[in-house]
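Q: Handing you a structure now.
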Amino acid sequence: MGFNFQDIRKDFPILDQRVNKHPWVYFDNAATAQRPKVVLEKIREFSVITNANIHRGTHDHAIRTTEAYENARDIVKEFLHAEAREEIIFTHGTTESINLVARSFCEKFLTTGDEIIVTEMEHHANIVPWQMACERHQATLKVLPFSDKGELRMELLETLITKRTKIIAVAHVSNTLGTVNPIEEIIQIAHSHNIPVLIDGAQSVPHASIDVQKLDCDFYAFSGHKIYGPTGIGILYGKRSLLEVMPPFLGGGEMIDQVTFKKTTYNELPHKFEAGTPHYVGAIALGSAIQYVQNIGLDKIAAYEHQLLNYATNQMKALGDLQIFGESPAKTGVICFKLDQIHPFDLGTLLDQLGIAVRTGRLCADPVMDHYQVTAMTRASFAFYNSEEEIDLFIKALQRIRSMF
Ligand code: C6P
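-7 is the number of the first residue of the sequence shown in the working numbering; add one for each residue after it.
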């Protein structure tokens, strides 16, 4: 395992409770992860002990809060191995990060007849903003499909690229299939055609260390709450050369240099893209969350979660008449499945009766549902604070539910 599991569990007191009289088994980590005590303490510290708006006041609390916020930016910069802190923009989450690029990049670079490529396995957050941009600019959205195994059909990528392709947006890890996509290859192919690439990292940052310089991606987006940080805070990494020429996304305080009724000039990076009072408590606490996973070691986390994934997959397969969606060998701890003919909503409700939290529904990925011609799926997703014992409880619960039908 490489880390002390009992100590880890103590960091997450929320897990130590019962739901419907059963020990609570939290397998909905891909939706949002639980927060360790250090993160909760940081939120408390910057609510109870220190609080003032950032970048605005010259008094003690304003200075302390501003320093903590900018320190969090440095933590994220180091975490992503970005070249410069100006390339790290605080947003409300992955959704806003992608919307920022879809709005601002497309305003600068997208014209009538241009094309954008996404993949069939994207979360709605990496589809709809691009569709909206295409509508605004009379451009076309093209889609790279995936195989039934849940892997991108890479042999088709070159056939989709044309001289009009302006950007490719792809998930690093799928929130339904768990597939780790070959983003290095996608970026290399895209760049050979001078096409920038946005990576949706919502499902990858909690499970792998990221080096945006090595990857050479142009944008990388993720959310704080999936990496054991608070909700309402996220990150957009963007290459400075692109961010500099992109127009601001939102207008208001902080993103300006000077305002007159005749003309407004804009602030430098990264502030140009941080209009209004940001969720500075969230940003500071996200810094703590990142340091927390770094202290454990993302490699150790990934190895342990992979063990959980294999353990659960083997046991689920042994149940028979259970279909798993997404069987790429390159996969994180996400298992979407269908058990017999039991509707996912019934299954999710019954699992909850037995204390097990999973996600059910369309998982914000309608095209994935359409691919497999299902109306919904059930998803179990693991974090490093989960255990094989909890998977045993899950399997027993599936057996019990099945016997009821
Ligand atoms: N997926 C899930 O249960 P936000 O909501 O902005 O933090 O993240 C959006 C998002 C974008 N891309 C991917 C790949 C995602 O998985 C998510 C969020 C959650 O699968 C909530 S819908």
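For every residue, glycine included, the Cβ atom is placed at its ideal position computed from N, Cα and C.
(1) Comparing alpha-carbon positions, which option in L261, K134, E127 lies nearest E150?
(2) With H, G and I counted as helix, E and B as strand and the rest as coil, what does DSSP make of E143?
(3) Are the beta-carbon atoms belonging to E79 and K231 less than 8 angstroms from one another?
(4) Ignoring anything shorter than 3 residues or poking outside the region 299 to 345, list the beta strand (DSSP E) runs there in chain order.
(5) Would the region 335 to 345 count as touching the region 156 to 166 if we require 3 or more Cβ pairs under 8 angstroms?
(6) Can you tell me whether DSSP reads K34 as helix, strand or coil?
(7) Would the C-beta of Q250 count as close to the ligand C6P, meaning under 7 angstroms from any of its heavy atoms?
(8) Let's test the definition: count the other Cβ atoms within 10 Å of the Cβ of R392 and tell me whether it reaches 16, buried, or not, exposed.
(9) How would you write the range of the beta strand (DSSP E) that F253 sits in, first residue to last?
(10) Report whether the distance from the Cβ of C98 to the nearest heavy atom of the ligand C6P is below 7 angstroms.
(11) Give me the Cα-Cα distance between P137 and E297, rounded to the nearest whole angstrom.
(12) Does D313 pass the burial test, meaning 16 or more other C-beta atoms within 10 Å, or should it be called exposed?
(13) Among all the DSSP beta bridges, which residues are the ones paired with R48?
(14) So which of Q250, L144, I282 has the shortest CA-CA distance to Y220?
(15) At what residue ranges does the region 51 to 124 contain a whole run of the alpha helix (DSSP H), taking only runs of 4 or more?
(16) With contact counted as at least three CB pairs below 8 angstroms, one residue from each stretch, are the region 317 to 332 and the region 170 to 189 in contact?
(17) Using only the alpha-carbon positions, how far apart do P198 and K218 sit?
(18) Taking the alpha-carbon positions, what's the T168 to T257 distance?
(19) When you measure from the CB of A194 to every non-hydrogen atom of the ligand C6P, does any distance come out below 7 angstroms?
(20) Return the residue from the list C328, I383, T370, F317 that minimises the CA-CA distance to Q402.
(21) Can you tell me the Cβ-Cβ gap for F101 and K29, rounded? I've got them flagged as a contact below 8 angstroms.
(22) Quick one: Cα of V350 to Cα of Q195, how far?
(23) Measure the beta-carbon distance from E112 to M146 and round it to whole angstroms, keeping in mind my assumption that it falls under 8 angstroms.
(24) With burial defined as no fewer than 16 other Cβ atoms inside 10 Å of the residue's Cβ, what is the status of P239: buried or exposed?
(25) Run through DSSP, which three-state label would K134 get?
(26) In terms of alpha-carbon separation, which member of E127, L355, R65, K13 lies closest to D344?
(27) Suppose the cutoff is 7 angstroms on Cβ atoms and the five residues either side in sequence are ignored; what does the same chain contact list for F4 look like?
(28) Do F374 and F(-5) have their beta-carbon atoms positioned less than 8 angstroms apart in this structure?
(29) In this structure, what does DSSP give as the bridge partners for L190?
(30) Based on DSSP bridge pairs, tell me the residues matched to Y258.
(31) I want to check one thing, is the minimum distance from the CB of A23 to the heavy atoms of the ligand C6P below 7 angstroms?
(32) What do you reckon, is the C-beta of N287 under 7 angstroms from a heavy atom of the ligand C6P?
A: If we stick to the structure as given:
(1) K134
(2) coil
(3) yes
(4) 314 to 317, 326 to 331
(5) no
(6) Residue state, collapsed to three classes: helix.
(7) The answer is no for Q250.
(8) exposed
(9) Note, F253: premise wrong, no beta strand (DSSP E); not H, not E.
(10) no
(11) C-alpha of P137 to C-alpha of E297: approximately 27 angstroms in a straight line.
(12) exposed
(13) Note: R48 sits in no beta bridge, so no partner.
(14) I282
(15) With a minimum length of 4 residues, the unbroken runs of alpha helix (DSSP H) contained wholly in the region 51 to 124 fall at 52 to 72, 86 to 101.
(16) Under the three-pair Cβ rule at 8 angstroms, the region 317 to 332 counts as touching the region 170 to 189.
(17) 7 angstroms
(18) The alpha-carbon atoms of T168 and T257 are separated by roughly 43 angstroms.
(19) Placement of the Cβ of A194 at a distance of less than 7 angstroms from at least one heavy atom of the ligand C6P is found.
(20) The requested residue 402 does not occur in the structure, where the chain is confined to residues -7 to 397.
(21) No, F101 and K29 are not in contact; Cβ-Cβ is about 45 angstroms, not under 8 angstroms.
(22) Taking the CA atoms as reference points, V350 sits about 16 angstroms from Q195.
(23) Not really, about 13 angstroms apart at Cβ, beyond 8 angstroms.
(24) exposed
(25) strand
(26) K13
(27) Q26, P28, Y377
(28) no
(29) A161, F211
(30) I248
(31) yes
(32) No, the ligand C6P has no heavy atom inside 7 angstroms of this Cβ.
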